[in-house]
Amino acid sequence: MTLYVRFAAHMEALLDAMEAAGELPGGLNRKPVTVEPPRDPSHGDLATNAAMVLAKPAGTNPRELAGKIAARLEALPEVAEVSVAGPGFLNMRLTPETWAAELREIEHLAGDYGRSDSGKGISVNVEYVSANPTGPMHMGHCRGAVVGDALATLLQYAGHEVTREYYINDAGGQVDVLARSVHLRYREALGEDVGEIPEGLYPGAYLVPVGHHLATHYGSRFVDAPESEWLVLFRQTAVAEMMEMIRADLALLGIHHDVFSSEAELQAAGKPEAAEAWLRVHDLVYDGVLEAPKGEVPEDWEPVELPLFRSTKYGDDQDRPIKKSNGQWTYFGADMAYHYQKAQKSDQLIDIWGADHAGTVKRIQAAVAALTEGKARFDVKLVQMVRLLRDGEPVKMSKRAGNFVTLADVVNEVGKDVVRFTMLTRKADAQMDFDFAKVVEASKDNPVFYVQYAHARIASLGRRAQEAGVPLSEPDMSLLGTEELALVKLAAQFPRIVEGAAQNREPHRIAFYLNDLAAAFHGWWNMGNDDPARRVIMVDDPQITSVRLFLARQIGQIIRNGLALMGVEALSEMQ
RNA sequence: GCACUCGUAGCUCAGCUGGAUAGAGCGCCGCCCUCCGAAGGCGGAGGCCACAGGUUCGAAUCCUGUCGAGUGCGCCA
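First residue of the first sequence: 124, per this note's numbering; consecutive thereafter.
Take a look at the structure:
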């Protein structure tokens with residue numbers, strides 16, 4: 124059991140004992156009680172707000188309550204000293220042995236240090252990427268892919284049962300356009316000069332092979348055939364090949380989904396009808412006419428009666444149509460049924476969306492709330508745009524000409540690990556610049572490098588010690604000094620960082636934590652530059668060397684654990 | 001017009017789901033560097049956390065309003 128988990132348990136037991144002793148009334152809400160490291164290390168190792176948050180409901184004053192709690196905290200063998208500060212904070216200083224034990228715990232749990240079972244029994248479905256199957260992955264998809272994947276890993280590490288899912292939008296008008304574009308390439312493959320790809324169709328050369336495959340397979344029979352004869356076939360073939368390409372692109376980033384759900388199959392299986400029927404029974408879908416949109420006056424506005432979902436009941440500003448006037452399902456209508464399906468298999472849902480879809484969050488949340496009767500936690504994480512920069516200048520992209528920057532190009536240029544780490548160096552909903560030069564820069568202000576460098580230095584220490592032939596012994600933890608203990612304390616926070624990141628669905632916190640940890644390690648290392656007695660490897664002092672090396676290795680372990688959560692491989696040497 | 005995401009140092013951004021004197025990197029100023037792994041180190045200046053109210057022991061964080069930025073808006077996907 125890691126330290127912070129243990130202290131939370133201590134706190135519970137202590138409050139139970141106080142209730143039993145009549146020092147606290149029963150039934151107090153203990154949720155706001157926290158045990159955290161204080162911001163200012165001079166306040167101690169751990170602080171709790173228990174006295175302040177419980178005083179009022181207990182009908183006493185914080186400082187008096189604090190005194191009682193302090194007496195019980197002092198009785199804990201791990202606690203060296205307790206003090207009451209400010210408005211009623213309880214600050215604790217722990218014994219050095221406690222920290223030494225935590226360091227051993229890191230060694231003992233190794234790759235599992237930070238893992239928890241807080242999500243035990245809770246299944247979570249993370250849907251991410253879900254790019255339209257109309258072309259290769261480009262950089263617009265990249266960030267959501269990495270954030271979703273890292274989040275899924277994080278949730279697994281926190282004990283959840285996780286499904287990584289991709290929704291294939293293979294039922295709308297876009298894929299028909301794809302099929303027509305492929306038909307052109309098919310005719311081209313049979314020797315026809317199709318000239319320039321007309322406006323409105325996909326011009327990308329990646330469709331050429333699809334045309335070839337169709338030509339070799341079916342010959343010329345669809346060249347002059349009416350669309351009705353080939354559209355479905357071409358669409359299915361094209362989508363299948365696009366998905367193959369997308370999977371290959373994702374594999375470059377180390378991303379593999381568990382489930383690929385097809386919108387077309389969902390519709391063929393009658394799922395939207397089922398959802399609609401249920402909603403109608405509960406008076407959440409009705410036939411109505413939408414008001415004309417406000418703001419700019421649409422020229423071709425015609426009031427038509429459509430089946431509408433009462434999303435206004437859940438805070439949306441307008442009820443939303445689930446079917447079009449031609450009888451087909453709207454994207455929303457199908458998506459609603461899709462989320463219903465996911466919610467039947469998982470306790471919690473997470474969608475990773477591009478920020479350009481922010482406007483549709485409310486309606487889908489409304490739909491999930493309605494269909495699950497408010498029971499399922501459902502988060503939509505919005506991921507902001509990434510601006511690509513080269514030499515400080517934005518990289519120009521034109522979709523029309525098909526010369527957008529693909530994900531494969533970027534991964535090939537800077538590497539998977541750099542892409543993944545960089546995508547997590549910012550809160551998901553904050554805009555981000557991706558500068559080709561900066562992300563591979565070997566300097567302190569590039570966290571990708573800085574963290575890897577720390578890990579490489581640690582690996583190097585092990586090699587050095589061996590080369591120097593220092594006889595290593597069982598580490599004597601009493602030789603850890605103040606600076607070393609500070610490092611242990613920071614490392615010991617890893618489990619709570621993981622916990623918080625998982626709970627809040629914010630994988631970027633891992634990247635920031637690792638950067639802090641790396642900075643602390645580098646600082647410790649640098650002390651050896653000024654004072655040779657502070658170096659890790661002291662050839663004349665195997666005892667000190669052993670314990671410092673042990674500490675360094677555990678820091679390395681934490682870095683590896685954190686990087687693993689981000690899907691990044693730790694380096695043992697900088698090229 | 002409406003919704004969403006935001007507004008923190010000169011710049012780029014953190015801020016642990018309400019805690020103590022708001023942090024980091026870059027940039028700027030001053031020292032130091034033949035150092036286990038070069039790709040630097042130490043220190044300093046720099047803030048009305050957009051603004052105004054409210055909630056409470058306590059607010060950058062929660063609520064309301066104002067201002068400002070970005071994104072999006074129809075039966076598209």
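For glycine and all other residues, C-beta sits at the position ideal for the given N, C-alpha and C.
With respect to the 8 Å criterion, aspartate 514 and alanine 560 are classified as neighbours on the basis of their beta carbons.
Collapsing the DSSP output to three states places serine 669 in a helix.
For the options Glu142, Ala181, Asn152, Glu204, the alpha carbon positioned closest to that of leucine 169 is the one of Glu204. Counting only runs that start and end inside the stretch 316-383, the alpha helix (DSSP H) elements of at least 4 residues fall at 331-341, 350-375. Buried is the label assigned to alanine 551, since at least 16 other Cβ atoms lie within 10 Å of its Cβ.
Its Cα nearest to that of methionine 260, the residue Arg370 stands out among Gln666, Ile620, Arg370, Arg587. Taken through DSSP and simplified to helix, strand or coil, threonine 435 comes out as helix. A contact between stretches requires three or more CB pairs, one per stretch, nearer than 8 Å, and the stretch 152-159 meets this requirement with the stretch 171-182. Judged by DSSP in its simplified three-state form, tyrosine 251 adopts coil rather than helix or strand.
Pairing leucine 512 with glutamate 322, the inter-Cα distance amounts to about 28 Å.
By the Cβ-count criterion, asparagine 652 is exposed, with fewer than 16 other Cβ atoms from all chains shown falling within 10 Å of its own Cβ.
Taking every protein chain shown into account, the CB of proline 630 has 16 or more other CB atoms within 10 angstroms, so this residue is buried. Relative to leucine 375, the option among Asn535, Asn248, Gly334, Glu496 whose CA is nearest is Asn535.
Bounds of the alpha helix (DSSP H) holding phenylalanine 455 are 454-468. No Cβ-Cβ contact shorter than 8 Å links phenylalanine 432 with valine 509. When the alpha-carbon of tyrosine 280 is set against those of Pro430, Asp439, Gly237, the nearest one is in Gly237. Glutamate 414 and proline 426 have their C-alpha atoms roughly 7 Å apart. Listed as beta-bridge partners of glutamine 471 by DSSP are Val247, Arg500.
According to the DSSP assignment, threonine 545 belongs to the alpha helix (DSSP H) that extends over 539-546. Contact between the stretch 217-236 and the stretch 179-198 is absent, with fewer than three C-beta pairs closer than 8 Å. In the DSSP secondary-structure assignment, arginine 238 is bridged to Tyr236. The stretch 333-340 makes contact with the stretch 301-310, as at least three CB pairs between them are under 8 Å. For aspartate 556, the secondary structure class from DSSP, reduced to helix, strand or coil, is strand. Annotated as proximal: histidine 380 and arginine 287, with beta-carbon spacing under 8 Å.
The stretch 592-602 and the stretch 569-577 do not touch, with fewer than three beta-carbon pairs separated by less than 8 Å. At the C-beta level, aspartate 470 and isoleucine 245 come within 8 Å of one another. In the three-state reduction of the DSSP assignment, lysine 446 falls in the strand class, which pools E and B. In the DSSP annotation of this structure, the continuous segment of the beta strand (DSSP E) that includes methionine 215 starts and ends at 212-217.
Around tryptophan 647, the same chain offers Glu606, Leu610 as residues with beta carbons nearer than 7 Å, after the five sequence neighbours per side are excluded.
Put simply, the backbone Cα of threonine 125 is about 10 Å away from that of leucine 232. Around the beta carbon of valine 662, fewer than 16 other beta carbons lie within 10 angstroms, which makes this residue exposed.
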